Structures are given as C-alpha cells and as structure tokens.
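Under the working numbering, the first residue of the sequence shown carries the number 3, and numbering increases by one thereafter.
Ideal Cβ positions, reconstructed from N, Cα and C, are used throughout, including at glycine.
All of these numbers come straight from a predicted model, not from anything done at the bench.
Inspection log for the structure reproduced underneath, given as structure tokens.
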Amino acid sequence: MDIKDSAGAASPSNPDAGGSKPVWRKQLIEKRKNLADRSLRIDLLQRVLRFWLIDRPDAVIGAYWPIKGEFDPLPALFRWQEAGLEEDANSAQIHRRIGLPVVNKVDKTLTFYTWYPGCPMEEDAYGIPKPKDTEVVVPTLIFVPCVGFGPGGYRLGYGGGFYDRTLASLQPKPFTVGLGYDFGWLPEMEPESHDIPLDAILSDTGTMWPLK
3 MDIKDSAGAA
13 SPSNPDAGGS
23 KPVWRKQLIE
33 KRKNLADRSL
43 RIDLLQRVLR
53 FWLIDRPDAV
63 IGAYWPIKGE
73 FDPLPALFRW
83 QEAGLEEDAN
93 SAQIHRRIGL
103 PVVNKVDKTL
113 TFYTWYPGCP
123 MEEDAYGIPK
133 PKDTEVVVPT
143 LIFVPCVGFG
153 PGGYRLGYGG
163 GFYDRTLASL
173 QPKPFTVGLG
183 YDFGWLPEME
193 PESHDIPLDA
203 ILSDTGTMWP
213 LK
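Here it is as structure tokens:
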C-alpha cells in the first residue's frame, strides 16, 4: 500500500488522529529500509545538500550518524569541510567543523562532538556510534534526520523528543534543516504543543520547506 494512501486513512481530522503518528512512523521507516532506488535517491539528495550549502556562512555544522535507512549527510559535509580549506590564499582560511550528537543522560538533550573521517568512535546508550573524546562544538546549523515531515516545517521523528528539547534549550537558536526522502511528506500531519518547526527541509527532489 502506498504511504500516502495509508496516511490519508489516518487523517488528523479523524478523532483517532492521535494514533496516526506511530502508524506513519512505522510505515515510513519500513519503506525507507527497503528502497529499491536507494542509490539514486542518495545521489540526488547529496547533490541537493551540496548545492544548498554553497552560500551558507556557517563554520560549525551539526549532523547525525545515519540509522534505520536514514540518508547519510556526512559525505556531502566532508566535501563542504574540504572546500573550506580551498579558500583563496589572500582570504582568511575557514576552519570548518562537523559535530555529531551525543545524548545527555540527565536531561535528554544533545551535545555535539567533533567528527572527522577516521576519528575514534564508540556506541552510545542507544547503540549509535558517537565520537570518542573529541572536542565539544556549538553548531550554528544543524541537519536533523526526518522520518517524515509536514506543513509548516514540522518533523516526524522517532518520538524521543531529543531534538525538540535541545533546540528549546539553545540560545541563540541554530538554523535547523530536516533531511529526508520526498515520500516522507505528510500533508495532513499536525504539530503538537512541544514541536519546534524546522527552518528548512531538503529532500531528494529539492526543497520541501519553505514551499516554493
């Protein structure tokens, strides 16, 4: 069954709409894990991401280690980092850094630690690889993985609330960009009171939010 068909059956206009997010989450993760055209979608989203980064002024970007079939942003970000070393000799060299999140066990927020290819890694409490004993960084731009996404730039995640708590605690708030495949678009998804909208959403078919 097509995800849009199943999503429509659990419309937020339905009194039982509160149960639609778990349904959408399960179906979208399953679809993402079993993509027949994964290589093509990855290539397209890598291109969208690299193009989108061209005019960004950020020197520190937060990302994530991909799990459950998520798009991997690290190859594009490593190219972004390398491009920072190719600045004109007459201009100031930009030291670009990439950070990966580590969950704070006390308040369940995320702290970003420096990542680079080949850096020492270890698993966190959730079995996700994280940098080991590297420097803490404060990103001005954070790429956020999306299971799905809806109108207004709202994201469907895994339900843990880590990013919402983190973004609510950061001042100044970093620019946030969701990354996901276009089939994750959920036009009937409605935000909850604790949800924080993303500033932009990129997919393999281009910019999903803000709508153009």
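Taking the straight line between their C-alpha atoms, what separation do you get for residue 198 and residue 189? Residue numbering aside, residue 198 sits at position 196 when the sequence shown is read from its first letter. Residue numbering aside, residue 189 sits at position 187 when the sequence shown is read from its first letter. Roughly 17 Å between the two C-alpha positions.
Are the beta-carbon atoms of residue 148 and residue 101 separated by less than 8 Å? Start at 1 with the first residue of the sequence shown, and residue 148 comes out as number 146. Start at 1 with the first residue of the sequence shown, and residue 101 comes out as number 99. The answer is no: Cβ separation not under 8 Å.
Residue 209 beta carbon less than 8 Å from that of residue 184: Locating residue 184 in the sequence shown gives position 182, counting from the first residue. Locating residue 209 in the sequence shown gives position 207, counting from the first residue. Not closer than 8 Å, so no.
Bridge-paired residues (DSSP) for residue 159: Counted from its first residue, the sequence shown places residue 159 at position 157. BP columns for residue 159 are empty, so no partner.
Where the beta strand (DSSP E) through residue 202 begins and ends: Residue numbering aside, residue 202 sits at position 200 when the sequence shown is read from its first letter. Secondary structure note for residue 202: its beta strand (DSSP E) is the uninterrupted segment 202-205.
Take residue 80 and list the residues in its own chain whose beta-carbon comes closer than 7 Å to its own, dropping the five residues that flank it on each side. Numbered from its first residue, the sequence shown carries residue 80 at position 78. Excluding positions up to five away in sequence, the list reads 119.
Which two residues bound the contiguous beta strand (DSSP E) that contains residue 115? For the purposes of this step, residue 115 is taken as residue 113 along the sequence shown, with counting starting at 1. 112-117 is the extent of the beta strand (DSSP E) around residue 115.
When DSSP labels each residue in this structure, what does residue 75 get in the three-state scheme? For the purposes of this step, residue 75 is taken as residue 73 along the sequence shown, with counting starting at 1. Of the three classes helix, strand and coil, the one that applies to residue 75 here is coil, per DSSP.
Taking DSSP as the reference, what is the three-state secondary structure of residue 136? As a working mapping, residue 136 is identified with position 134 in the sequence shown. In this structure, residue 136 counts as coil in the three-state DSSP scheme.
Ends of the beta strand (DSSP E) at residue 54? Counted from its first residue, the sequence shown places residue 54 at position 52. Counting along the chain, residue 54 falls outside any beta strand (DSSP E), though it belongs to the alpha helix (DSSP H) covering 40-55.
Taking residue 54 and residue 204 to be in contact with their CB atoms under 8 Å, please state how far apart those CB atoms are, rounded to whole angstroms. Walking along the sequence shown from the start, residue 54 turns up at place 52. Walking along the sequence shown from the start, residue 204 turns up at place 202. Yes, residue 54 and residue 204 are in contact; Cβ-Cβ is about 6 Å, under 8 Å.
Can you give me the Cβ contacts of residue 201 inside the same chain, cut-off strictly under 8 Å, excluding the 5 residues immediately before and after it? Along the sequence shown, one-based indexing puts residue 201 at 199. For residue 201, where only same-chain residues beyond five positions count, the Cβ hits under 8 Å are 155, 177, 178 and 179.
Would you kindly report the start and end of the unbroken alpha helix (DSSP H) that includes residue 30? Indexing the sequence shown from 1 puts residue 30 at position 28. Taken as a continuous stretch (DSSP letters only), the alpha helix (DSSP H) holding residue 30 covers 22-35.
Report, in whole angstroms, the separation of the C-beta atoms of residue 2 and residue 143, which I expect to be a contact under 8 Å. Because the chain is modelled from 3 through 214, residue 2 falls outside the range shown and cannot be assessed.
Please report the Cβ distance between residue 43 and residue 158, rounded to the nearest whole angstrom; I am assuming they are in contact, meaning their Cβ atoms lie under 8 Å. As a first step, residue 43 is located in the sequence shown; it is residue number 41 there, counting from the start. As a first step, residue 158 is located in the sequence shown; it is residue number 156 there, counting from the start. With 8 Å as the limit, residue 43 and residue 158 do not qualify as a contact, their Cβ atoms being about 18 Å apart.
Can you give the Cα-Cα distance for residue 63 and residue 116, rounded to whole angstroms? Locating residue 63 in the sequence shown gives position 61, where the first residue counts as 1. Locating residue 116 in the sequence shown gives position 114, where the first residue counts as 1. Each residue's Cα considered, the two are about 10 Å apart.
Here's the rule: buried if 16 or more other CB atoms are within 10 angstroms of the residue's CB, otherwise exposed. What is residue 49? To locate residue 49, count along the sequence shown from 1; it is residue 47. So residue 49 ends up on the exposed side.
In terms of residues, what are the limits of the beta strand (DSSP E) holding residue 178? Taking the sequence shown and counting its residues from 1, one reaches residue 178 at position 176. Element bounds for residue 178: 177-181.
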